[in-house]
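A.B. asks:
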DNA sequence: TCGTCTCTTGACCATTTGATCAAGAATTAA
DNA sequence: TTAATTCTTGATCAAATGGTCAAGAGACGA
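Protein chains in written order, with the working numbering: chain G, 23 to 233; chain X, 23 to 233.
(1) Return the residue from the list G/221, G/92 and G/85 that minimises the CA-CA distance to residue 190 of chain X.
(2) Just the Cα atoms here: how many angstroms apart are residue 69 of chain G and residue 89 of chain G?
(3) How big is the Cα-Cα spacing for residue 123 of chain G and residue 137 of chain X?
(4) Are the C-beta of residue 24 of chain X and some C-beta of chain G separated by less than 9 Å?
(5) Ignore the nearest five residues each way along the sequence and tell me which others in residue 53 of chain X's own chain have a CB closer than 6 Å to its CB.
(6) If we count the other Cβ atoms within 10 Å of its Cβ and call it buried at 16 or more, is residue 87 of chain G buried or exposed?
(7) If you drop the 5 nearest sequence neighbours on each side, which residues of the same chain put their C-beta closer than 6 Å to that of residue 10 of chain X?
(8) Where does residue 38 of chain G sit, in a helix, a strand or coil, going by DSSP?
(9) How would you call residue 249 of chain X, buried or exposed, if buried means at least 16 neighbouring beta carbons within 10 angstroms?
(10) Is residue 33 of chain G near the ligand MN, with its Cβ less than 8 Å from a heavy atom?
(11) Are the segment 115–129 of chain X and the segment 56–64 of chain X in contact at 8 Å, needing three or more beta carbon pairs?
(12) Check whether the segment 96–110 of chain G and the segment 157–167 of chain G touch, using three or more Cβ-Cβ pairs below 8 Å as the test.
(13) Expressed to the nearest angstrom, what Euclidean distance is found between the alpha-carbon atoms of residue 149 of chain G and residue 188 of chain X?
(14) Under the three-state reduction of DSSP, which class applies to residue 223 of chain X: helix, strand or coil?
(15) Would a C-beta distance cut-off of 9 Å place residue 213 of chain X and residue 126 of chain X closer than the cut-off?
(16) Compare the Cα-Cα distances from residue 50 of chain X to each of G/51, G/142 and G/158 and report the closest residue.
(17) Which value, in whole angstroms, describes the spacing of the CA atoms of residue 203 of chain X and residue 156 of chain G?
(18) Cβ of residue 186 of chain G within 9 Å of Cβ of residue 228 of chain G?
(19) Out of G/151, G/81 and G/36, state which residue places its alpha-carbon closest to the alpha-carbon of residue 99 of chain G.
(20) Round the Cβ separation of residue 91 of chain G and residue 139 of chain G to the nearest angstrom and send it over; I've been treating them as touching at under 8 Å.
(21) How about residue 33 of chain G: is its C-beta nearer than 9 Å to some C-beta of chain X?
(22) Straight-line CA distance for residue 199 of chain X to residue 59 of chain G?
(23) Let me know the secondary structure DSSP gives residue 72 of chain G once reduced to three states.
(24) According to DSSP, is residue 210 of chain G helix, strand or coil?
(25) Give the secondary structure of residue 119 of chain G by DSSP, where H, G and I count as helix, E and B as strand, and everything else as coil.
(26) Under the three-state reduction of DSSP, which class applies to residue 106 of chain X: helix, strand or coil?
(27) So if I threshold CB-CB distances at 9 Å, which residues from the segment 34–61 of chain G count as touching chain X?
(28) Between X/223, X/158 and X/162, which lies nearest to residue 96 of chain X when the distance is taken from Cα to Cα?
(29) Residue 215 of chain G and residue 184 of chain G - do their beta-carbons sit closer together than 9 Å?
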């Protein structure tokens, strides 16, 4: 009876299609209203399916939420992983800031979803924080410390430098409403990249020695 | 009939006492679970009153929420308002960062409540953002630009410097779960103050000219 | 003490919402 | 075409929840 178990493992065309529809809609709604603030009906009408149909693909509301969350976490680590110890530190960190700000502009919903999850105690991603994320930060902090030890940048706390980059870049996604209200206008991506890089990295540069 | 209207204006002892109880409890619950994630019953049991009793003091759940929010906004502006154009810029900004981090450690719930509100589009504080907050930022950005024009600190975008300070300091309150998971320990207030000041202000300092 | 006003709450209501299920429609493989 | 499997949904349920109300308890000034 191979056909009995097959459907549970190999997804059909319709399954792939509808699950993608659901997760896209769920990201929008969950990021805008939070977990409790979102109803299954909202997601259903956003993607044009019926509520029982959603619950046919995901048994519980919580399953939809965790599925969306896991899909975003993948994108989250990539830019930091790319930090290369053998390249120029300022250029590498600048590129990292740039990549994070790109995510901010392209997927502000993902950033807000993640922020909301952490804000409320990270009940669904605690293992991710203490495992993969912690390991990655430890590794990349070592890279940064390597640059410092080599005298390429000024010494600061490597971990807190990473936190600082996260904080500032994600601020422009998560607090966009505040930023735009205070500035009276939406900041431009290109300009923001140089401003933020200057703000966070200027202090790391070593002054050219007077000859 | 002066007594008829008096109770609506002058609050009784019991009113003051219970409203304070309610708002304290509401801050804890709202910041932990968000607006929709919070039930009136949760707040009621947290402060030892009955649900109908809460709704005797605040007609609707939303009224409790806005009352808590307004109470926290007051504390929010104070440290920035204290920025003094006539004093040393690095010392003033360092003191501001220090004050914000103190708030972070003393009232992380207030920070989280505010963050949650902004994250979800600031439906209750839109007027505050576009009014008082915007005006204050504009005024203090001018103070910072004054320092730059006088050659006391390097030029950067004054508004984004303020955003950067907000982002980093509040990060340690709003994302405390992530910070602690990654570091494996809770950062100490005193150490954090010098680390964050160094990170954000190092790039502003003017190098002493070689003689 | 008395009478008025304030405070408190058990019981209750209407709505929302996550979840279920049976029955029918659509798809797919043979 | 046929039969098995997958997909879809109207109807429905139980629990949670914001809010109401009447009746009683308590505080307080005269």
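A virtual CB, placed ideally from N, CA and C, is assigned to each residue, including glycine.
C.D. replies: So, from the listed chains and residues:
(1) G/221
(2) Answer to the nearest angstrom: the Cα atoms are 16 Å apart.
(3) If I take the Cα positions, the gap works out to 19 Å.
(4) Low local confidence applies: a pLDDT of 30 at residue 24 of chain X is under 50, so the model's placement there is unreliable, and no value is given.
(5) 131, 134 and 135
(6) buried
(7) Absent from the structure is residue 10 of chain X, since the part of chain X shown begins at 23 and ends at 233.
(8) In the structure shown, residue 38 of chain G sits in a helix (DSSP, three-state: H, G or I).
(9) Shown here, chain X extends from 23 to 233; a query on residue 249 of chain X therefore has no answer.
(10) Only the bare structure without any ligand can be found here, which leaves the ligand MN out of the picture.
(11) no
(12) yes
(13) For residue 149 of chain G and residue 188 of chain X, the distance between alpha carbons rounds to 28 Å.
(14) helix
(15) no
(16) G/142
(17) 7 Å
(18) It is not a contact, given that the beta carbons lie outside the stated cut-off.
(19) G/151
(20) 6 Å
(21) With its beta carbon at least 9 Å from every one in chain X, residue 33 of chain G lies outside the interface.
(22) Their Cα atoms are separated by approximately 22 Å.
(23) Coil at residue 72 of chain G, not helix or strand.
(24) coil
(25) Helix.
(26) coil
(27) Identification of residues in the segment 34–61 of chain G having a C-beta nearer than 9 Å to some C-beta of chain X yields 53, 54, 55, 56, 57, 58, 59 and 60, given in sequence order.
(28) X/158
(29) no
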